[in-house]
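Trainee: One structure, pasted below without further comment.
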Amino acid sequence: MKMRALGVLVAMLSSGVAAAGPFAPAAGQPGSTAIAAGDPAFVGWATGFQNLVRGPQNIANPAGALASFGAGENALGPADATSANGGPIVSLGDGGQITLSFAQAITNGPGYDFAVFENGFADEFLELAFVEVSTNGLDFVRFPAISLTSVATQVDSFDPVDPTNVDNLAGKYLAGFGTPFDLAAIAGLSPAVNPAEINFVRIIDIIGSLTLGSVDSLGNVVNDPYPTAFASGGFDLDAVGVINVVPEPGAVVLVVVGAVGMLVIRQKQRRSATID
Ligand SMILES: [Ca+2]
Ligand SMILES: [Ca+2]
Ligand SMILES: [Ca+2]
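With the first letter of the sequence shown counted as 1, position 219 gets the number 218 in numbering that gives the first Met the number 0; the numbers rise by one all the way through.
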């Protein structure tokens, strides 16, 4: 958490005022971190998926029907869900998950490194998910997520969630806008996960139930729409867009070959200038 946000949070907690939270606001508002699907910052998108595990439509009935809407393939390629059509996406169900892979590894470059797209149809109709990353596909670390949404009452199926109360959770923004993640936030969390080479991004639905639900990195229950007992229940993944990538070995070779080529040309020019 940035120091300024921490200061605001402390001030808010000490004053006891139920105001907007300290984190970035909805897409289009000043200070929002939302990145539009068409932003040229995106240099790639998820190219593969594995370990798609659908959660139940209602975690209170784990033996009941699983979420089933969409398919894993819908999470590949550019974000294309809109708040009008809501798809194509893949619905995860309560606590469901999916792991995405990429043609080029994601790296911790300047600022945000990748972004996750959900299909929310309004600024405050959010379904949230944890985001975890891995270098080797076995060892994952979770982005330190925070939810300051009040837990006094359950956020019902279509109740609003204020995006200024959530941080490092996917689904913070409506369809067409990615929630960005900076790999600097997971640096040092696991010796097995190298922020300079991330090959896998795992998305895990937040179970919003106040009694059966998920907890954030501070141990607080995350209040998220519940129940969502339908085929499209749970987090609806549209896409994962990549901002900073590890250059392909071929690209590095090309740069080196190009640089050597320039040197040779310059030397030839110098020689011919001397001869003249
Ligand atoms: Ca970064
Ligand atoms: Ca859903
Ligand atoms: Ca959920």
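The beta carbon of each residue, even a glycine, is placed where N, CA and C say it ideally should be.
Output the residue ranges of the alpha helix (DSSP H) runs that lie fully inside the stretch 119-163 and measure 4 residues or longer, sorted by chain position.
Mentor: Runs found: none.
Trainee: Give me whichever residues DSSP pairs with S100 in a beta bridge.
Mentor: DSSP lists G47, F199 as partners of S100.
Trainee: Please check the pair D280 and S90, which I expect to be a contact at CB under 8 Å, by giving their CB distance rounded to whole angstroms.
Mentor: Look at the range of the chain in this structure, 0 to 275, and you will see that residue 280 is not part of it.
Trainee: Enumerate in chain order the residues of its own chain whose CB-to-CB distance from D181 is below 7 Å, with the five nearest sequence positions on each side excluded.
Mentor: Taken in chain order, the residues that qualify are G110, Y111, D112.
Trainee: Report the CB separation of G54 from D204 in whole angstroms; it is logged as a contact under 8 Å.
Mentor: Confirmed, Cβ separation roughly 6 Å.
Trainee: Could I get the ranges of all uninterrupted beta strand (DSSP E) runs contained in the stretch 34-94, with 3 residues as the minimum, in chain order?
Mentor: Whole beta strand (DSSP E) segments, 3+ residues: 47-52.
Trainee: Hey, is the stretch 82-97 in contact with the stretch 220-232, meaning 3+ C-beta pairs nearer than 8 Å?
Mentor: Verdict: yes, contact present.
Trainee: DSSP on S13, reduced to helix/strand/coil?
Mentor: Low confidence applies to S13: its pLDDT is 43, below 50, so where it sits in the model is not reliable enough to give any reading.
Trainee: Run through the stretch 210-245 for me and flag every whole beta strand (DSSP E) of 3 or more residues, listed as ranges in chain order.
Mentor: Those beta strand (DSSP E) runs which fall completely within the stretch 210-245 and span 3+ residues are 238-241.
Trainee: Where does the unbroken beta strand (DSSP E) through G177 begin, and where does it stop?
Mentor: G177 -> beta strand (DSSP E) spans 176-180.
Trainee: Does S208 pass the burial test, meaning 16 or more other C-beta atoms within 10 Å, or should it be called exposed?
Mentor: Classification of S208: buried, given that the 10 Å Cβ count is 16 or more.
Trainee: Classify A184 as helix, strand or coil using the three-state DSSP reduction.
Mentor: DSSP places A184 in helix when its eight states are reduced to three.
Trainee: To the nearest angstrom, how far is it from the Cα of G177 to the Cα of I242?
Mentor: Approximately 11 Å between the Cα atoms of the pair.
Trainee: Which partner residues does F116 have in the DSSP bridge list?
Mentor: Per DSSP, A238.
Trainee: Tell me whether the beta-carbon of A121 lies closer than 9 Å to the beta-carbon of L168.
Mentor: No, they are not a contact pair.
Trainee: Is T227 near ligand 4, with its Cβ less than 8 Å from a heavy atom?
Mentor: In the structure on display, ligand 4 does not appear, and the ligands it does have are ligand 1, ligand 2 and ligand 3.
Trainee: Flag this pair as yes or no: are the beta carbons of F22 and P162 separated by less than 9 Å?
Mentor: Closer than 9 Å, so yes.
Trainee: Can you tell which of A78, P226, P179 has its C-alpha closest to the C-alpha of D155?
Mentor: Closest by alpha carbon: P226.
Trainee: Quick check on E123: buried or exposed, where buried means 16 or more other Cβ atoms within 10 Å of its Cβ?
Mentor: Looking at its Cβ environment, which holds fewer than 16 other Cβ atoms inside 10 Å, E123 is exposed.
Trainee: At a threshold of 8 Å, does L51 count as lining ligand 1 (C-beta to nearest heavy atom)?
Mentor: Checking the Cβ of L51 against ligand 1 gives no.
Trainee: Take A104 and list the residues in its own chain whose beta-carbon comes closer than 7 Å to its own, dropping the five residues that flank it on each side.
Mentor: Excluding positions up to five away in sequence, the list reads E196, I197, N198, V244, V245.
Trainee: Is it right to say V303 is buried, meaning 16 or more other beta carbons lie within 10 angstroms of its own, or is it exposed?
Mentor: As shown, the chain starts at 0 and ends at 275. That puts residue 303 outside it, with no answer to give.
Trainee: Please list, in chain order, all residues of the same chain as L65 whose beta carbon is under 6 Å from its beta carbon, the five residues on each side excluded.
Mentor: Cβ within range, chain order: R53, P55, G92.
Trainee: Taking the Cβ atom as the reference point for each residue, do I58 and A74 lie within a distance shorter than 9 Å?
Mentor: The answer is no: Cβ separation not under 9 Å.
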